[in-house]
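Residue numbers (numbering that gives the first Met the number 0): 0 to 437. Glycine is no exception: its CB is placed at the ideal position from the N, C-alpha and C atoms. Written out below as structure tokens is the structure these notes cover.
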Amino acid sequence: MNCKPGIYGVSTQSGRAFFADFLSKGLQSYGYARATEHGRAAVSCFNARGGIYLERPPNNIGEESRFIPLGMSSVGHSLDELLTRSDFIFLSHPSQHLEESVSLLKEAGLMQRQIPLVLTPPRTLAAPYLWRIVGENYPLICFSTSPYSAKALENGVYIKRRKRSWMVSLEGEVSEEQREQISEIFPQVLFNRVPATTSLGNIGAVFHPGGYLLNYDDIEKRQRQGEPYSFYMEGIAARPEVGELLEEIDQIRLRIAYKLNMPVFGLYGNDREEEWQAMMARLRLAESRTEKRDIQTLRKMRHECLSTIHNAIVSAQHWLDYSYGVARIPGESLANAVSRTPTYQKRSVPQRRYLDEDIPTGLVPLEALAKRFDIDCTAISRILDLYGEKEGKEPRASGRNLQPFTTEYLIRYLKGCPDEEMPDVSMPDTNSTIRSYL
Ligand SMILES: NC(=O)c1ccc[n+]([C@@H]2O[C@H](COP(=O)([O-])OP(=O)(O)OC[C@H]3O[C@@H](n4cnc5c(N)ncnc54)[C@H](OP(=O)(O)O)[C@@H]3O)[C@@H](O)[C@H]2O)c1
């Protein structure tokens with residue numbers, strides 16, 4: 000592996016996780032942080048210590064918490080250095096700031112270099128907005144989710160969990176070589192050239208704003224009292240009525256995808272449950288026959304078994320199945336599936352970004368899309384109205400309301416190039432590959 004991934008936002012929680020992973024894979028990286036108080040503190044800490052501390056909980060491959068030296072990598076506040084030293088730029092901050100960051104990168108000379116931007120994640124319909132800044136078809140690599148569940152530590156990062164698989168839509172002019180390089184860093188991704196998989200695959204928009212706003216008073220009260228609130232367990236699993244509304248939001252997402260003729264799993268009345276069960280049974284059987292530490296075989300097998308869904312939109316319950324291994328029980332409610340999700344049982348703190356990010360880049364564009372397609376979006380509108388009431392702001396005015404785009408353009412964009420082949424990339428059996436799996 001010899002590509003140089005840069006990071007825009009090395010001080011953020013996931014930016015630190017990317018940086019720690021790039022360093023441990025031996026990749027040369029420049030981590031840019033804004034020169035804010037928070038950004039300066041991170042940069043001076045990593046420079047003073049000469050590296051970053053990575054903390055991991057106990058895990059089944061024995062990945063240890065450890066200090067990772069900077070080596071040939073560095074951190075700082077120079078966009079010029081970021082542009083000169085990067086083959087890719089990972090934007091690792093919440094997605095409502097993407098337009099601002101891309102404008103700053105453009106001012107600093109991005110256009111002359113045509114460096115692909117990796118959006119981790121873009122949330123819903125980021126590219127049309129970003130292409131207004133850097134030109135239609137500028138190369139964008141869109142992760143459906145952050146690869147990590149990560150928390151910033153003073154001197155580094157705590158990676159609580161790594162996702163098992165996620166989708167990546169290649170948007171604009173991303174070359175085959177660039178795709179291979181991303182695949183070498185993250186072998187567990189499922190590539191496609193269908194932007195809807197990440198735009199409509201925005202699971203954060205399903206869980207976060209509704210889960211927060213329907214529990215708003217309790218969450219705020221606990222925060223005032225300095226007491227913890229378990230977002231998923233107390234806010235969703237223990238409140239079936241909240242789960243039901245989130246499920247309605249999820250169904251709107253699936254109906255939009257269905258209208259676009261995308262493959263969909265979990266849509267009421269057309270759930271394709273049998274196909275799903277057969278696919279996951281094949282996967283689980285293959286997994287049970289494979290040595291846990293034989294990560295290369297495991298990865299290949301997961302990739303093969305899940306290839307059916309590489310350009311599909313799946314329900315939140317199905318997503319929990321393939322992302323977190325919470326085996327789908329046909330007909331099970333979302334609240335119940337959440338209650339069985341180990342990572343949500345441990346610690347799930349409600350975060351402001353569930354509103355600040357997922358309202359303008361999730362529910363606002365999903366509501367706008369549903370209206371364009373004449374799909375009932377009452378559940379989403381209810382949450383947006385509740386946001387207006389609780390926060391005193393009109394979310395549709397500043398969020399991604401899709402006003403600049405015609406419906407025809409949006410359909411063409413979302414559908415992308417579904418038939419384009421995504422060849423498999425064979426992976427060397429290295430420790431870094433092993434680490435990137437868990
Ligand atoms: N962390 C996770 O476990 C997790 C899990 C799933 C998904 N995600 C997703 O991953 C993305 C990044 O999340 P995160 O947790 O890493 O974010 P985060 O650390 O919570 O983001 C907050 C940081 O963003 C930076 N920021 C604020 N305003 C900005 C602006 N205008 N431009 C650029 N940066 C700005 C600030 O850092 P500075 O002042 O230092 O620049 C701030 O500390 C989000 O889309 C999130 O939803 C994260």
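A straight-line Cα-Cα distance of about 30 Å links F190 and C376.
Between L199 and I382, the gap from beta carbon to beta carbon reaches 9 Å or more.
For A107, the three-state secondary structure derived from DSSP is coil. Taking a contact to require three or more Cβ pairs closer than 8 Å, the region 86-98 and the region 44-64 do not qualify as touching. Between the region 298-310 and the region 346-356 there are fewer than three C-beta pairs closer than 8 Å, too few to call the two in contact.
Residue state for S43 is assigned as helix, using DSSP reduced to three classes.
Judged by DSSP secondary structure, M166 falls within the beta strand (DSSP E) whose first and last residues are 165-170. Check the Cα spacing between G209 and each of N136, I379, E106, P394: the tightest is with I379. For L118 and R411, the gap between their C-alpha atoms comes out near 20 Å. The three-state reading of DSSP puts F18 in helix, counting H, G and I together.
With a threshold of 8 Å, the Cβ atom of H96 counts as near ligand 1, since some heavy atom of the ligand is closer than that. Non-local C-beta neighbours of K370 in its own chain, meaning closer than 7 Å and more than five positions away in sequence, comprise C376, ordered along the chain. The criterion of a C-beta distance shorter than 9 Å is satisfied by V156 and A19. Per DSSP, the continuous beta strand (DSSP E) segment holding Y52 begins and ends at 50-54. With a cut-off of 8 Å, the C-beta of Y147 is classified as near ligand 1, since at least one heavy atom of the ligand falls inside that distance. The beta carbon of A107 sits closer than 7 Å to those of L78, D79, L82, all from its chain and outside the five residues before and after it, given in chain order. The criterion of a C-beta distance shorter than 9 Å is not satisfied by Y343 and R163.
Taken in chain order, the unbroken stretches of alpha helix (DSSP H) that lie wholly in the region 193-233 and span 4 residues or more are 195-198, 203-212, 215-224.
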